[in-house]
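*Asks:*
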Amino acid sequence: MRHQELLDAVIDGIQRVEDLARILGISPSTVRRGLAELEQAGKVVRTHGGAVPSPTGGELSWTQKSRRHAAAKRRIAAYAADLVADDHVVLLDAGSTTTFIAERLASRFGPTVATNGLGPMTALHDAEGVELIVLGGRVRRRRGSIVGDYARGVLDRLTADIAFIGADGVVPGRGINCPSPELAAIKELQMRSAREVVVVADSSKANAAEHHYWAVAPGPHVLVTDDGIGDEDARTFDADPSCRLRVVATAGDPITPAATD
Numbered sequence: 001m002r003h004q005e006l007l008d009a010v011i012d013g014i015q016r017v018e019d020l021a022r023i024l025g026i027s028p029s030t031v032r033r034g035l036a037e038l039e040q041a042g043k044v045v046r047t048h049g050g051a052v053p054s055p056t057g058g059e060l061s062w063t064q065k066s067r068r069h070a071a072a073k074r075r076i077a078a079y080a081a082d083l084v085a086d087d088h089v090v091l092l093d094a095g096s097t098t099t100f101i102a103e104r105l106a107s108r109f110g111p112t113v114a115t116n117g118l119g120p121m122t123a124l125h126d127a128e129g130v131e132l133i134v135l136g137g138r139v140r141r142r143r144g145s146i147v148g149d150y151a152r153g154v155l156d157r158l159t160a161d162i163a164f165i166g167a168d169g170v171v172p173g174r175g176i177n178c179p180s181p182e183l184a185a186i187k188e189l190q191m192r193s194a195r196e197v198v199v200v201a202d203s204s205k206a207n208a209a210e211h212h213y214w215a216v217a218p219g220p221h222v223l224v225t226d227d228g229i230g231d232e233d234a235r236t237f238d239a240d241p242s243c244r245l246r247v248v249a250t251a252g253d254p255i256t257p258a259a260t261d
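Just so you know, the UniProt record's numbering puts 78 at position 78 of the sequence shown, and the rest follows in order with no gaps.
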């Protein structure tokens, strides 16, 4: 059993030993040993019959992340939304930047948006001009995402014009850094189901690799980031033949980016 999978489940609100054992397909004794080790590492706090996330040990929620680098994310979202035509079918990944994209699309008339994100879903649920499709699966509440095999049934029957993919980190030649294999899998499915892939990541995500799991882009893709990216980081992305880098100014016109090829 991977401790990260157990921690992810606890963070998602599955906190009783019996429920964790059932969801993860392991024995209660294995869960108890894993929780004990996670407690020693400061990731969880044991309770009677289970555990809860440590106040300092879990990943940030998507609402907390939306407040970090918010100005840059909104500029990136403005650029990204301008890539969407009114007749497009759009895939929106879960995340704070993709939620800002959804907010931009909410006033549009004609697009179809499929998403596994609670943020984009909330932003679009009253948007009368947007056809909204929600990918099925298990809700990771803290992450604000829907994951699991049910999503494959939708994605296998869908070819989107464009997919906007969020990231905890992006490394040229390696892919998109993810906190769990489930999230990596859903990102790869979304990228394979789109004619054009656009990774949206503020400059703090450039060459960041905090987690152990990766989603690999299936081919050419665009990376939209902000002008906080360092020159060395920008050069590494420019040197990747599968990546087209777009750098959006964080001041001035949010729609007109500074592009590098």
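Glycine included, C-beta positions come from ideal geometry on N, C-alpha and C.
These numbers come from a predicted model, not from an experiment.
Shortest alpha-carbon distance to tyrosine 213 belongs to which of Ile162, Ile186, Thr225?
*Replies:* Working through the sequence shown from its first residue, we reach residue 213 at position 213. It is Ile186 whose Cα lies nearest to the Cα of tyrosine 213.
*Asks:* Beta-carbon within less than 7 Å of glycine 57's beta-carbon, same chain only, minus the 5 sequence neighbours each way: which residues are those?
*Replies:* Here residue 57 refers to the residue found at position 57 when the sequence shown is read from its first residue. Below a pLDDT of 50, predicted positions are generally treated as unreliable, and glycine 57, at 47, falls in that range; the measurement from the model is reported next regardless. In chain order, Gly42, Lys43, Val44 place their CB closer than 7 Å to the CB of glycine 57, counting only its own chain and leaving out the 5 sequence neighbours on each side.
*Asks:* On the criterion of 16 or more Cβ atoms from any shown chain inside 10 Å, does aspartate 93 qualify as buried, or is it exposed?
*Replies:* Working through the sequence shown from its first residue, we reach residue 93 at position 93. Under this definition aspartate 93 is a buried residue.
*Asks:* Look at the alpha carbon of aspartate 86 and the alpha carbon of valine 113, and state the distance between them as a whole number of angstroms.
*Replies:* In the sequence shown, residue 86 corresponds to position 86, counting from 1. In the sequence shown, residue 113 corresponds to position 113, counting from 1. Distance between the alpha carbons of aspartate 86 and valine 113 is about 11 Å.
*Asks:* Using 8 Å as the threshold, is the segment 123 to 132 in touch with the segment 188 to 195, meaning 3 or more CB pairs across them?
*Replies:* no
*Asks:* Which residue marks the beginning of the beta strand (DSSP E) containing serine 145, and which one marks its end?
*Replies:* Counted from its first residue, the sequence shown places residue 145 at position 145. Element bounds for serine 145: 145 to 147.
*Asks:* Could you tell me the distance, in whole angstroms, from the CA atom of arginine 46 to the CA atom of glycine 117?
*Replies:* For the purposes of this step, residue 46 is identified with residue 46 of the sequence shown, where counting begins at 1. For the purposes of this step, residue 117 is identified with residue 117 of the sequence shown, where counting begins at 1. Each residue's alpha carbon lies about 29 Å from the other.
*Asks:* Taking buried to mean at least 16 other C-beta atoms within 10 Å of its own C-beta, is glutamate 131 buried or exposed?
*Replies:* Residue numbering aside, residue 131 sits at position 131 when the sequence shown is read from its first letter. Label assigned to glutamate 131: exposed.
*Asks:* Buried or exposed for glutamine 190, going by 16 or more other Cβ atoms inside 10 Å?
*Replies:* Taking the first residue of the sequence shown as 1, we reach residue 190 at position 190. With 16 or more other Cβ atoms within 10 Å, it is buried.
*Asks:* Alpha helix (DSSP H) containing leucine 38: first to last residue?
*Replies:* Along the sequence shown, read from residue 1 onward, the residue named residue 38 stands at position 38. Unbroken alpha helix (DSSP H) run through leucine 38: 28 to 40.
*Asks:* Give the DSSP bridge partners of asparagine 177, in chain order.
*Replies:* For the purposes of this step, residue 177 is taken as the residue at position 177 of the sequence shown. Paired residues: Gly169, Trp214.
*Asks:* Counting along the chain, where does the beta strand (DSSP E) carrying proline 53 start and finish?
*Replies:* The sequence position of residue 53 within the sequence shown is 53, counting from 1. Looking at the DSSP string, the run of the beta strand (DSSP E) that includes proline 53 is 50 to 53.
*Asks:* Please report how far the alpha carbon of leucine 105 lies from the alpha carbon of threonine 99, in whole angstroms.
*Replies:* Counted from its first residue, the sequence shown places residue 105 at position 105. Counted from its first residue, the sequence shown places residue 99 at position 99. Rounded to whole angstroms, leucine 105 to threonine 99 spans 10 Å at the Cα level.
*Asks:* Alpha carbon to alpha carbon, how far is valine 199 from arginine 244? Give it in angstroms, no decimals.
*Replies:* Locating residue 244 in the sequence shown gives position 244, where the first residue counts as 1. Locating residue 199 in the sequence shown gives position 199, where the first residue counts as 1. Spanning the two alpha carbons is a distance of roughly 10 Å.
*Asks:* Return the residue from the list Phe109, Leu223, Arg138 that minimises the CA-CA distance to valine 147.
*Replies:* If you number the sequence shown from 1, residue 147 lands on position 147. Cα-wise, what sits closest to valine 147 is Arg138.
*Asks:* Which first and last residues belong to the alpha helix (DSSP H) in which aspartate 19 is found?
*Replies:* As a working note, residue 19 is residue 19 in the sequence shown. Start and end: 17 to 24.
*Asks:* DSSP on phenylalanine 109, reduced to helix/strand/coil?
*Replies:* Along the sequence shown, read from residue 1 onward, the residue named residue 109 stands at position 109. In this structure, phenylalanine 109 counts as coil in the three-state DSSP scheme.
*Asks:* Quick one, which of Asp240, Arg16, Ala217 has its alpha-carbon nearest asparagine 177's?
*Replies:* By one-based count along the sequence shown, residue 177 stands at place 177. Put simply, of Asp240, Arg16, Ala217 the residue whose alpha carbon is nearest the alpha carbon of asparagine 177 is Ala217.
*Asks:* Helix, strand or coil: how does DSSP classify leucine 132 here?
*Replies:* Here residue 132 is taken as the residue at index 132 of the sequence shown, counted from 1. Looking at leucine 132 - three-state DSSP - the assignment turns out to be strand.
*Asks:* Would you grab the beta carbon distance between proline 172 and alanine 251 for me? Rounded to a whole angstrom, and I think it's under 8 Å.
*Replies:* Indexing the sequence shown from 1 puts residue 172 at position 172. Indexing the sequence shown from 1 puts residue 251 at position 251. Not really, about 26 Å apart at Cβ, beyond 8 Å.
*Asks:* With distances taken Cα to Cα, identify the nearest neighbour of histidine 221 among Glu232, Val170, Arg235, Pro181.
*Replies:* Working through the sequence shown from its first residue, we reach residue 221 at position 221. The shortest C-alpha to C-alpha distance from histidine 221 to any of Glu232, Val170, Arg235, Pro181 is the one to Val170.
*Asks:* Is there contact between the segment 144 to 160 and the segment 221 to 231, where contact requires at least three CB pairs shorter than 8 Å?
*Replies:* no
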